[in-house]
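Colleague: For the sequence shown, full-length UniProt numbering begins at 1 and goes up steadily by one.
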Amino acid sequence: MSLTKRNIHTERVYLVRKMVQTEQILNALKNCYDPEIPVNIVDLGLIYDLKVENDSVYVKMTLTAPGCPAHTFLKEQVEQELLKVPGVKNAQVEIVWDPPWTPDRMSDAAREQLGWSATPVASLPMDMKPLKTGSEQQGEDGSIILVNPRGEAYAVSKHEHMIWTLCDGTRSVERVVEELANTLGAQPEQIRTQVVEIIDAMIRVGLLTNPDEFVQIDIA
1 MSLTKRNIHT ERVYLVRKMV QTEQILNALK NCYDPEIPVN IVDLGLIYDL
51 KVENDSVYVK MTLTAPGCPA HTFLKEQVEQ ELLKVPGVKN AQVEIVWDPP
101 WTPDRMSDAA REQLGWSATP VASLPMDMKP LKTGSEQQGE DGSIILVNPR
151 GEAYAVSKHE HMIWTLCDGT RSVERVVEEL ANTLGAQPEQ IRTQVVEIID
201 AMIRVGLLTN PDEFVQIDIA
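See below:
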């Protein structure tokens with residue numbers, strides 16, 4: 001009976017240690033950021049699988065942009081952060097593109113940080129033709145900055161800038177999705193949700209407008 005008790009106690013201690021280590025691993029991963037969106041990879045929902053076996057950690061993850069050329073650098077960064085966790089001697093990271101990442105994987109904290117709603121936004125009319133407003137500038141570090149008509153500046157990723165540029169009032173939301181997908185070598189359904197949310201966010205901060213909402217009617 002005492003042997004059984006000791007085994008149970010040992011198992012509990014092991015489980016507690018594993019839980020603590022997993023928490024430490026997740027905290028370490030929060031030091032890594034997607035190259036396209038300024039949010040850590042945990043809150044973005046880029047971690048698809050995490051396994052801890054003795055002193056080894058296995059991570060399966062993705063990036064927000066399909067085929068992103070920065071995946072090699074990020075993979076190395078994630079492995080380096082994992083090896084900083086006490087007790088971790090081996091780290092293996094696998095980058096996958098299937099299933100593709102979508103914004104609904106983001107945590108509420110990530111959405112709040114980006115100024116998005118805590119829950120996925122309703123789809124915009126896909127035939128709406130958003131029109132860009134304001135201007136663009138380049139930061140001292142080479143970053144892209146969009147400035148709305150109120151003078152409020154927003155740092156954006158390369159792909160967000162591409163979306164803003166495509167929204168010239170002649171393309172529908174669906175057309176923007178299709179052209180961006182073609183540029184990225186992706187399927188429209190892989191990026192549609194993300195593009196719609198980005199367009200919605202840009203409308204709300206004044207970087208895009210919906211021309212249909214600003215039709216002036218002259219009354220004789």
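Here a beta-carbon is modelled for each residue, glycine too, at the ideal position from N, C-alpha and C. Only a predicted model underlies this, so the values are computations on that prediction, with no experimental measurement involved.
Would DSSP call M61 helix, strand or coil?
Modeller: Strand, per DSSP.
Colleague: Report yes or no: do three or more beta-carbon pairs, one from the segment 101-116 and one from the segment 177-188, lie closer than 8 Å?
Modeller: Touching, no, given that fewer than three Cβ pairs across the two stretches are closer than 8 Å.
Colleague: Between which residues of its own chain and I46 is the CB-CB distance below 8 Å, once the five residues before and five after are set aside?
Modeller: The sequence as given places Leu at residue 46; Ile does not occur at that position. Within the same chain, L46 has close Cβ partners D34, M61, T62, L63, T64, W101 and R105.
Colleague: Any idea which residues DSSP pairs D49 with across the strands?
Modeller: Note: D49 sits in a beta bridge opposite K60.
Colleague: When the Cα atoms are used, what is the spatial distance from Q92 to T165?
Modeller: Cα to Cα, Q92 sits roughly 38 Å from T165.
Colleague: Evaluate the contact criterion for the segment 68-84 versus the segment 129-143: three or more CB pairs, one atom per stretch, below 8 Å.
Modeller: No, they do not touch.
Colleague: For E112, does the three-state DSSP call read helix, strand or coil?
Modeller: Correct three-state label for E112: helix.
Colleague: Compare the Cα-Cα distances from L131 to each of N31, L207 and K30 and report the closest residue.
Modeller: Out of N31, L207 and K30, L207 has the C-alpha closest to the C-alpha of L131.
Colleague: Quick one: residues in its chain with C-beta nearer than 8 Å to the C-beta of V88, no 5 flanking neighbours on either side, listed in chain order?
Modeller: So the qualifying residues of the chain are Q21, I25, D55, S56, V57 and L82.
Colleague: Taking the straight line between their C-alpha atoms, what separation do you get for R175 and E152?
Modeller: Rounded to the nearest angstrom, the two C-alpha atoms are 28 Å apart.
Colleague: Closest by CA to E197, which one among V59, G169 and H159?
Modeller: Among V59, G169 and H159, the Cα nearest to that of E197 is on H159.
Colleague: Considering only the alpha carbon of each residue, which of I199, D49, P86 and S107 lies closest to D95?
Modeller: The sequence given here has Ile at residue 95, not Asp. Closest by alpha carbon: D49.
Colleague: Going by alpha carbons, who is nearest to A155 out of V39, Q190, E179 and V78?
Modeller: Ranking the options by Cα distance to A155, first place goes to V39.
Colleague: Exposed or buried, what is P211 when buried is set at 16 or more other beta-carbons lying within 10 Å of its beta-carbon?
Modeller: P211 comes out exposed.
Colleague: For V96, does the three-state DSSP call read helix, strand or coil?
Modeller: Correct three-state label for V96: coil.
Colleague: Classify V42 as helix, strand or coil using the three-state DSSP reduction.
Modeller: Looking at V42 - three-state DSSP - the assignment turns out to be coil, as it is neither helix nor strand.
Colleague: Is P103 buried or exposed, if buried means 16 or more other CB atoms sit within 10 Å of its CB?
Modeller: P103 comes out buried.
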